[in-house]
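Asks: So that we are looking at the same thing, I have put the structure below in structure tokens.
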Amino acid sequence: MYQPSKETLDKYANVLINFALNAGKGVKKGDVVLLQVPECAKPLLVSLRNTVLKAGAHPIVQYLPDDMQREFYSLANESQLSFFPEKYLKGLIEQIDYRVTILADFDPKELVGVSPKKIMTKNKAFKPYREWQLKKENEGKYTWVLALYGTPGMAKEANLSLEAYWQEIIKACYLDQKNAITEWEKVFKRNKEVMKKLNDMRIVKVHVEAPNTDLHVGI
């Protein structure tokens, strides 16, 4: 089965830790970084942890076992679905400076057939945690990043081979370039230039006209 090389995974981790976090500046010595990584993405977890350590920061690892969610929803009662570990999560969000979450589904269809109501109940229970993160982010004390790790199940859903799926990730993240961070810095520079031009235009509203459409959108 295809697996990206250690060099590619190390490059990926370097982009995520030393660029994507902290508004392009990367982590600093003494920072605390939460790594949320599924079991099926363990090879990337190793690279992420090592990159955090080399930066002089502190990794906190949340290692998420594959294929456990369906059984949880099957067994959990209403009280268990709505349980919120407030003290634990409050302490966690106060402790961390950054979060890296790896999106990797061992089985993308694991929750097919599970009651949407049960999933919504659990998601609703964790609303305070999301609000704490947003508050800390708005205060400029916390940044986060999401990143894909290709699995056979995800590749199958996309009608691609695993290697082809990974090539899409590699190209999108500039991992095929000599220095991926340099390429991302160019992207950020272009984005800032476009943003400045748009802001300088002082657009008040956008008017969209088309057959059966006459839409005014305030900005």
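According to our numbering, the sequence shown holds residues 22 to 240 in order. Virtual Cβ for every residue (Gly too), placed ideally from N, Cα, C. These numbers come from a predicted model, not from an experiment.
(1) Rounded to whole angstroms, what is the Cα-Cα separation between residue 2 and residue 150?
(2) Rounding to the nearest angstrom, what Cα-Cα distance links residue 130 and residue 90 in this structure?
(3) Closer than 7 Å by C-beta to residue 192: which residues in its own chain qualify, once you throw out the five before and the five after it? Chain order, please.
(4) Any chance you could list the beta strand (DSSP E) runs of at least 3 consecutive residues sitting entirely within the region 120 to 181, in chain order?
(5) For residue 37 versus residue 135, is the C-beta spacing smaller than 8 Å?
(6) What's the C-alpha gap between residue 157 and residue 232?
(7) What residues are listed by DSSP as bridge partners for residue 99?
(8) Pair every Cβ in the region 68 to 77 with every Cβ in the region 92 to 101, then say whether three or more of these pairs are closer than 8 Å.
(9) Relative to the C-alpha of residue 125, which candidate in 213, 115, 223 and 169 has its C-alpha closest?
Replies: Once the coordinates are examined:
(1) No statement about residue 2 is possible, as the shown extent of the chain runs from 22 to 240 and does not include it.
(2) Taking the straight line from one Cα to the other gives about 11 Å.
(3) none
(4) 164 to 169
(5) no
(6) 45 Å
(7) Answer is none; residue 99 lacks a bridge partner.
(8) In the pairwise beta carbon analysis, the region 68 to 77 is classified as not touching the region 92 to 101: fewer than three pairs are separated by under 8 Å.
(9) 169
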